[in-house]
Amino acid sequence: MSENLSHINSQGEINMVDVSAKAITVREAIASGKIMMKKETFQKIQQGNSPKGDIFATAKVAGIMAAKQTSQLIPLCHPLPLHKIIVNITPDETLQGYHIEAIVRTKAETGVEMEALTAVSVTALTLYDMAKSIDKSLTISDIKLISKTGGKTI
Numbered sequence: 052m053s054e055n056l057s058h059i060n061s062q063g064e065i066n067m068v069d070v071s072a073k074a075i076t077v078r079e080a081i082a083s084g085k086i087m088m089k090k091e092t093f094q095k096i097q098q099g100n101s102p103k104g105d106i107f108a109t110a111k112v113a114g115i116m117a118a119k120q121t122s123q124l125i126p127l128c129h130p131l132p133l134h135k136i137i138v139n140i141t142p143d144e145t146l147q148g149y150h151i152e153a154i155v156r157t158k159a160e161t162g163v164e165m166e167a168l169t170a171v172s173v174t175a176l177t178l179y180d181m182a183k184s185i186d187k188s189l190t191i192s193d194i195k196l197i198s199k200t201g202g203k204t205i
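If you're matching positions, the sequence shown starts at 52 in my numbering and goes up one per residue.
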């Protein structure tokens with residue numbers, strides 16, 4: 052079964068999807084990702100010895116701000132009123148890094164998957180930026196949508 056790309060019209064042109072006929076419902080998306088690093092870097096960050104200060108607060112604020120700017124970053128995303136954005140950064144010693152999760156909620160005609168994915172991506176990039184001076188081997192991976200509710204489900 053082949054599906055059409057939602058941002059391509061019948062003439063093959065790029066267009067923004069018309070969501071005006073959709074019901075306004077509460078919609079939520081959860082995305083996740085991870086960043087891995089050298090053991091020494093992980094330990095230094097866990098001990099609070101980052102040369103750039105509180106990297107977790109900075110990364111969380113960056114992720115929240117990024118979610119709010121998604122429609123300005125991704126050309127065909129709808130600007131949405133975001134009612135809740137949560138960014139969690141969880142240490143994982145076996146990973147030698149951090150799990151990142153973003154939960155984004157709105158009451159609108161379309162979902163917030165892109166906002167959740169953007170929040171995770173920018174949170175990871177901010178952690179990378181804050182730690183790159185002490186570790187050149189940082190790796191961001193596995194950014195993905197975990198779940199969405201309120202519209203068509205995945």
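By construction, the Cβ of each residue, glycine as well, lies at the ideal position given by its N, Cα and C atoms.
Check	Outcome
Residue closest to G84, alpha-carbon to alpha-carbon, out of T190, I185, V112 and M116	T190
Whole-angstrom distance between L168 and A117, CA atom to CA atom	10 Å
Segment limits, beta strand (DSSP E) that includes K85	T76 to M87
Backbone CA spacing between I81 and A170 [nearest angstrom]	10 Å
Distance between H129 and G63 (C-alpha atoms, nearest Å)	20 Å
Simplified DSSP assignment, three categories, for L176	helix
Cβ contact check for the segment 173-190 and the segment 102-109: 3 or more pairs under 8 Å	yes
Identified DSSP bridge partners for V138	A153
Reduced DSSP category for K111 - H, G, I as helix; E, B as strand; rest coil	helix
Classification of G99 by the beta-carbon crowding that lies within 10 angstroms, buried from 16 upward	exposed
CB contact flag (A113, T177, <8 Å)	yes
L127, enclosing alpha helix (DSSP H) - first and last residue	L127 -> no alpha helix (DSSP H), and no H or E assigned at all.
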